[in-house]
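Residue numbers (the working numbering), protein chains in the order written: chain A, 467 to 778; chain B, 467 to 778.
Glycine included, C-beta positions come from ideal geometry on N, C-alpha and C.
As the structure is a prediction and not an experimental result, all values here were calculated from the model.
Please read the structure below before turning to the comments.
What follows is the structure, encoded as structure tokens:
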């Protein structure tokens, strides 16, 4: 959008040389006065973050001449998002997802956790999304997470080794949470037809760092489309689909939990994920296997974790 | 906040000259890729506004290294705001108010409505706030809007002339809506002890442009403090009070509706309104009057409206 390059001025675009259009002559000290209202007992982090947020929001309004009516449309969309959200659904999170914000703060967080001076690579992270459940019960290695097998599903043997990203040492006792949707595109908590905890498992690596399970080959699905995030996607002329993926969370008390998603290299929407979560390192291959009684596909996925930094 | 000056770069601060800290080396094409996902059928306005919003939100996140945990605190605050909002309360609007956004879009809108080339001054606008009611019944001129008179109230005779800002001609048939809170700081819809439409009136100017009514001298009051806007004010170490004011909305089918507030020159909080709505032109004097049977104070307030521009 070459016509909307942001400027860092407080007074909107156009001020300065020559005679700027009168409509950009908004009160030049207003933003500073709002920021200056912050009291002495605000925390340094709160002071920094809110000053920056206020400046960006005000610059956004001035640069685009946002009217009261347009602002109120935004207010109503956010109220709608809050009113749609509950313990099974987070529509404000989804609004952030469709503008790439969760993916961006995920990138920021994972780089901060590993540290600026690390000379090794951990497995890349991806967004948690709204469908994780903390209360998934533990499962034995090599068990199946499939409680309801849809007729159109392909079963995959997924396995790998979890290791220390810096040393390569396999790690025992690491929890590996795995969750995915069924072939109808719904996670079990969205779908009354699925048994509770269907397609979810919480595994623990053995002494060789091994984890293993049976799951299904994932399918693309649309993010919920009946709320403000769906409305925003329509207004932006965008589709709501996510490429086929499996969610993973891995960590323990010594290793920073990794939250990620792995994507089927053959899936549609790999190049245009509606929530911008795909990274090259997270694209995986489901390989045909024969002579295996429980699965027709194999997926090997090894995970490299960063040890937690000692607290300063 | 000298340490948080925004930069217009896509790659966060510090990229470019020398060796930037690794933690700022976030994906330099990510924001452009999110903006580029907008489809060809999005309206030009939507395309412009959302591209700018996405760029500002992403720059904000990168410049401040916003973590997933911090972002989720913001998401939860917005969900809370939506869940608290209903037809009597708009907490997302109030969140915007305490960061000055409603006051800013009000300034932008009023300047756009009058036009960049106007050589006259209209009465300044101020924010609508959440307490206006569209269904206030019409009232005869010189009637009282006081249905419940608190013992600590001072009664004022408020009157003035509405005129065309460009020509000075008095305007007949202009609707003048007036609303204010009682001396306990509550508007009638917030307070079960007040009669419906207490301290609200909808007047119409006579052939001389005159409107007149009896109201009370306004008092300062805190904005609602039990939700996310109150929480944000606490985190910013700020008070929730608004200076004493009376709301006015004036207009008709030929004159752009003016939304404003007038502030008592003697009120507390004139210099630090919690929602940043005070403008010098809107500060008024309540003058003692004697020998008047219904009021001890007089407030003269004349209003200058802009004629609607013919549609292009």
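Could you give the distance in angstroms between the alpha-carbon of residue 621 of chain A and the alpha-carbon of residue 705 of chain B? Here the question's residue 621 of chain A lines up with position 155 in the first chain. Here the question's residue 705 of chain B lines up with position 239 in the second chain. Looking at the two C-alpha atoms, the distance is approximately 60 Å.
Let's test the definition: count the other Cβ atoms within 10 Å of the Cβ of residue 465 of chain B and tell me whether it reaches 16, buried, or not, exposed. A question about residue 465 of chain B goes unanswered here, because the residues of chain B that appear run from 467 up to 778.
Assuming residue 641 of chain B and residue 718 of chain B form a contact by the criterion Cβ under 8 Å, report the distance between their Cβ atoms to the nearest whole angstrom. Counting from one through the second chain, the residue named residue 641 of chain B turns up at place 175. Counting from one through the second chain, the residue named residue 718 of chain B turns up at place 252. Right, the Cβ-Cβ distance comes to about 6 Å (below 8 Å), so this counts as a contact.
Under the three-state DSSP convention, the category residue 690 of chain B falls into: Mapped onto the second chain, residue 690 of chain B falls at position 224. Coil at residue 690 of chain B, not helix or strand.
To be precise: take each residue of the region 656-680 of chain B, compare its Cβ to all Cβ atoms of chain A, and keep it if any distance is under 7 Å. Which residues remain? none
Using only alpha-carbon positions, find the residue among A:517, A:548, A:701, A:680 that is nearest to residue 505 of chain A. Within the first chain, the letter at position 39 stands for residue 505 of chain A. Considering only alpha carbons, the answer is A:517.
Is the number of C-beta pairs between the region 550-565 of chain B and the region 686-695 of chain B that are closer than 8 Å three or more? yes
Nearest-angstrom Cα separation, counted from residue 768 of chain A out to residue 565 of chain A: The count along the first chain starts at 1 and reaches residue 565 of chain A at position 99. The count along the first chain starts at 1 and reaches residue 768 of chain A at position 302. Near 30 Å, if we compare the C-alpha coordinates of residue 768 of chain A and residue 565 of chain A.
Suppose the cutoff is 6 Å on Cβ atoms and the five residues either side in sequence are ignored; what does the same chain contact list for residue 613 of chain A look like? In the first chain, the residue the question calls residue 613 of chain A occupies position 147. Only 661, 664 meet the Cβ criterion.
At which residue ranges does the region 660-704 of chain B contain complete alpha helix (DSSP H) runs of 4 or more residues, listed in the order of the chain? 694-701
According to DSSP, which residues form a beta bridge with residue 609 of chain A? As a working mapping, residue 609 of chain A is identified with position 143 in the first chain. DSSP, once it has assigned bridges, lists A:679 as partnering residue 609 of chain A.
Buried or exposed for residue 539 of chain A, please, with buried defined as at least 16 other CB atoms from any protein chain shown within 10 angstroms of its CB. Against the first chain, residue 539 of chain A aligns to sequence position 73. Exposed, since its Cβ has fewer than 16 Cβ neighbours within 10 Å.
So with CB distances below 8 Å, who are the chain A contacts of residue 531 of chain B? As a working note, residue 531 of chain B is residue 65 in the second chain. What residue 531 of chain B touches in chain A: 574, 578.
Alpha-carbon spacing of residue 772 of chain B relative to residue 573 of chain B, whole angstroms: Position 306 of the second chain, counting from 1, holds the residue named residue 772 of chain B. Position 107 of the second chain, counting from 1, holds the residue named residue 573 of chain B. So the alpha carbons of these two residues sit roughly 15 Å apart.
From what residue to what residue does the beta strand (DSSP E) around residue 597 of chain B run? Within the second chain, residue 597 of chain B is the residue found at index 131, counting from 1. Residue 597 of chain B -> no beta strand (DSSP E), and no H or E assigned at all.
Determine the closest residue to residue 591 of chain B out of B:748, B:758, B:757, B:765, with distance taken between C-alpha atoms. Residue 591 of chain B sits at position 125 when you count from the first residue of the second chain. Measuring from the Cα of residue 591 of chain B, the nearest candidate turns out to be B:748.
With a threshold of 9 Å between beta carbons, is residue 566 of chain B in contact with chain A? Walking along the second chain from the start, residue 566 of chain B turns up at place 100. Residue 566 of chain B counts as touching chain A.
Mind checking the region 632-646 of chain A against chain B and listing, in chain order, the residues whose C-beta falls within less than 9 Å of any C-beta there? none
Which chain A residues sit within Cβ distance under 9 Å of residue 524 of chain B? Along the second chain, read from residue 1 onward, the residue named residue 524 of chain B stands at position 58. Result: 565, 566, 567, 570.
Neighbour-count burial assignment, residue 589 of chain B, 16 or more Cβ in a 10 Å radius: Numbered from its first residue, the second chain carries residue 589 of chain B at position 123. Buried: at least 16 other Cβ atoms inside 10 Å.
By the DSSP assignment, the beta strand (DSSP E) with residue 763 of chain B in it spans what residues? The count along the second chain starts at 1 and reaches residue 763 of chain B at position 297. Residue 763 of chain B -> beta strand (DSSP E) spans 763-766.
Quick one: which residues of the region 698-709 of chain A get their C-beta closer than 7 Å to a C-beta of chain B? List them in chain order. 701, 702, 703, 704
By the DSSP assignment, the beta strand (DSSP E) with residue 643 of chain B in it spans what residues? Counting from 1 along the second chain, the entry for residue 643 of chain B is found at position 177. Per DSSP, residue 643 of chain B belongs to the beta strand (DSSP E) from 641-645.
Pairwise C-alpha distance: residue 627 of chain B and residue 673 of chain B: On the second chain, residue 673 of chain B is found 207 positions in, with the first residue counted as 1. On the second chain, residue 627 of chain B is found 161 positions in, with the first residue counted as 1. In a straight line, the C-alpha of residue 673 of chain B is about 10 Å away from that of residue 627 of chain B.
Rounded to whole angstroms, what is the Cα-Cα separation between residue 703 of chain B and residue 534 of chain B? Start at 1 with the first residue of the second chain, and residue 703 of chain B comes out as number 237. Start at 1 with the first residue of the second chain, and residue 534 of chain B comes out as number 68. Distance between the alpha carbons of residue 703 of chain B and residue 534 of chain B is about 24 Å.
Less than 9 Å separating the beta-carbons of residue 522 of chain A and residue 531 of chain B? Taking the first chain and counting its residues from 1, the one referred to as residue 522 of chain A is at position 56. Taking the second chain and counting its residues from 1, the one referred to as residue 531 of chain B is at position 65. Going by C-beta atoms, residue 522 of chain A is not nearer than 9 Å to residue 531 of chain B.
Which residue or residues does DSSP assign as beta-bridge partners of residue 623 of chain A? If you number the first chain from 1, residue 623 of chain A lands on position 157. Paired residues: A:680, A:764.
Backbone secondary structure at residue 718 of chain A - three-state DSSP: The residue you call residue 718 of chain A lines up with position 252 of the first chain. Three-state result, residue 718 of chain A: coil.
Rounded separation between residue 736 of chain B and residue 630 of chain B - CA only: Numbered from its first residue, the second chain carries residue 736 of chain B at position 270. Numbered from its first residue, the second chain carries residue 630 of chain B at position 164. When rounded, the distance between both Cα atoms is 29 Å.
Would you mind telling me which residues of chain A sit closer than 7 Å to residue 600 of chain B, beta carbon to beta carbon, in chain order? Locating residue 600 of chain B in the second chain gives position 134, where the first residue counts as 1. Per Cβ cutoff of 7 Å: no residues; residue 600 of chain B is ~14 Å from chain A at best.
By DSSP, does residue 726 of chain A sit in helix, in strand, or in coil? In the first chain, counting from the first residue as 1, residue 726 of chain A sits at position 260. Of the three classes helix, strand and coil, the one that applies to residue 726 of chain A here is strand, per DSSP.
At a Cβ threshold of 9 Å, is residue 746 of chain A touching chain B? To locate residue 746 of chain A, count along the first chain from 1; it is residue 280. Not closer than 9 Å to any Cβ of chain B, the Cβ of residue 746 of chain A fails to qualify, so no.
Are the C-beta atoms of residue 514 of chain B and some chain A residue less than 9 Å apart? In the second chain, the residue the question calls residue 514 of chain B occupies position 48. Yes, residue 514 of chain B counts as interfacial toward chain A.
With DSSP collapsed to three states, give me the class of residue 580 of chain A. The count along the first chain starts at 1 and reaches residue 580 of chain A at position 114. If DSSP states are grouped into helix, strand and coil, residue 580 of chain A belongs with the helices.
For residue 545 of chain B, tell me which candidate among A:556, A:537, A:536, A:658 has the shortest Cα-Cα distance. Counting from 1 along the second chain, the entry for residue 545 of chain B is found at position 79. For residue 545 of chain B, the nearest C-alpha among the options comes from A:556.
Beta-carbon of residue 488 of chain A versus every beta-carbon of chain B: anything under 9 Å? Counting from 1 along the first chain, the entry for residue 488 of chain A is found at position 22. Caution is warranted here: a pLDDT of 42 is assigned to residue 488 of chain A, below 50, making its placement in the model unreliable, and no coordinate value can be reported.
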